Amino acid sequence: MGSRFNYETNKPAVAVTTFVLLVSVILSVSARLGTKYGLFRRLTHDDLAIIASLLFAIFQDICIALAVDSGYGDHQIDISDGDLDQIMKKLFAASFFYIMSLLLSKLSLVLFVQSVTPSIRDKWIARAVKAILLAWATVVIFGTAFQCSVPHTWDIWNGRCFNLLAWRYFVAASNIATDLFIIAQIMVLIINIQTSISRRLTFLGIFAPRIFLVIAAMVELILLRQSTYTNDQTYRMYDLTIISVVIQCVSIVTASWPQLMPFLSWMQSNGLRLNNAQDKSSWSYNVTVQSQIQTSSQDRRGKSKSRGFAPMVRRDQILVTQEWDVQSQSSAARIIREEEDELSHGAMQGSSDRSS
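Numbering (the working numbering), first residue to last: 796 to 1151.
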């Protein structure tokens, strides 16, 4: 009985951490989808991307659980050659699911940021970031697939492989770089919002947790050397597996975070619209209203330019208006329609009287 409790293994740490973080991811995505569907009665492309990311995360965690069942987390000397092969194959498969899950969660966030801006420049920035993400994922997937000589490309511990430490450094560093591109995209959007400083800071705070992904990836960089150069890899590599699951969890959660009820409601109340989530008539109406407001604002600036107190607004800035502005435009439109109906009704009645 004593030897049972003194047996050294990291299997519980890997299994419990993977399970807890997977539950967190599922709850986060479920809350996001429930909020989005409850508000708009439809899901958009960024929601489909996060669903696919969640599925790949589940597949990754299943592979890790199977590797743990084969002995991953135990000392390598206690694992048979057959189980060692199974561990490497399952971890090899998990690495592909990991990259795909990361890619789709990043794309989901980029698509969401793109959906809240009408600026053509911001949309081109979003397209550039998406192209960078796709190129990054393609390089990482092919590099991982052929990191060791064929046919045993999964044999990272016994096969002939290129410099695995350098490759892992590249994957981790490029992961950080792609998220910095996403953060830069968000910052450009916030800078171009024409609103008060407090609202900009609030909008920034919605996306600020994304920085935790960069921090987690930096921790991974620190752990790489000690986990790669060891004679007991099944026992010592567990921390890399845990940090990869943490990175995956943070990526999905922070991509879902901005679309929870408090934040979507705040953005709606401050004039920001999810263009892809609105139906066509609603989207067209919002664009028309925004255009009318901008035109009216420009006319007022032209009239008051000689007085010298109207601030200049760049054309590439995003105009954020209060909800009552939109409602007042809607009320004015209803009044005009009612007056037209009354005039039309009166004309028809007069014509009927003359004919009789």
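Glycine residues also receive a C-beta, built at the ideal position from the N, C-alpha and C atoms. In this text, all values refer to a predicted model and were calculated from it rather than measured experimentally.
Between the CA atoms of residue j and residue i - distance to the nearest angstrom
i, j, result
"M982", "L999", "8 Å"
"A1050", "T1025", "35 Å"
"H947", "G954", "7 Å"
"T839", "I859", "31 Å"
"F1007", "K901", "14 Å"
"Q855", "D917", "33 Å"
"N805", "S896", "25 Å"
"I936", "D1034", "22 Å"
"R836", "D876", "53 Å"
"Q1028", "Q871", "7 Å"
"I920", "T830", "27 Å"
"R963", "V815", "25 Å"
"I992", "R1005", "21 Å"
"V818", "L849", "11 Å"
"I857", "F887", "12 Å"
"I927", "T973", "7 Å"
"L828", "V945", "42 Å"
"E803", "M1032", "14 Å"
"I821", "I845", "11 Å"
"I882", "I874", "10 Å"
"R994", "I1001", "11 Å"
"S969", "L929", "12 Å"
"Y1030", "V1045", "25 Å"
"L843", "A1003", "23 Å"
"S1022", "W952", "12 Å"
"L1055", "L975", "23 Å"
"W931", "P807", "33 Å"
"L834", "A826", "12 Å"
Under 8 Å between C-beta atoms of residue i and residue j
i, j, result
"S903", "D950", "no"
"Q942", "F957", "yes"
"Q1043", "Y893", "yes"
"A847", "L899", "yes"
"V908", "Q989", "no"
"L960", "L1019", "yes"
"N987", "S914", "yes"
"F1014", "T812", "First, the residue type needs correcting, since residue 1014 is Val and not Phe in the sequence shown. Contact flag unset, no."
"V809", "G866", "no"
"V1011", "I1037", "The sequence given here places Ala at residue 1011; Val does not occur at that position. It is not a contact, given that the beta carbons lie outside the stated cut-off."
"T939", "S890", "yes"
8 Å contact criterion, which residue i and residue j should meet: CB distance rounded
i, j, result
"K885", "A862", "4 Å"
"V824", "I977", "V824 to I977, Cβ: 18 Å. No contact."
"T912", "L984", "5 Å"
"V1009", "I971", "5 Å"
With 16 other Cβ atoms within 10 Å as the buried cut-off, status of residue i
i, result
"P1053", "buried"
"L879", "buried"
"A967", "buried"
"S1086", "Note on S1086: pLDDT 41, under 50, position unreliable in the model; the coordinate value appears next. Looking at its Cβ environment, which holds fewer than 16 other Cβ atoms inside 10 Å, S1086 is exposed."
Chain D within 8 Å of residue i, Cβ atoms only
i, result
"F854", "This model lacks chain D altogether, as it is built from one protein chain only."
Please go through the stretch 934 to 1002 and give each complete alpha helix (DSSP H) segment of 4 or more residues, from N-terminal end onward.
Annotation note: the stretch 934 to 1002 contains the following uninterrupted alpha helix (DSSP H) runs of length 4 or greater, listed N- to C-terminal: 959 to 986 and 992 to 1002.
Can you list the alpha helix (DSSP H) stretches of 4 or more residues lying completely in the stretch 825 to 882, in chain order?
DSSP runs (the alpha helix (DSSP H)) wholly in the stretch 825 to 882: 840 to 864.
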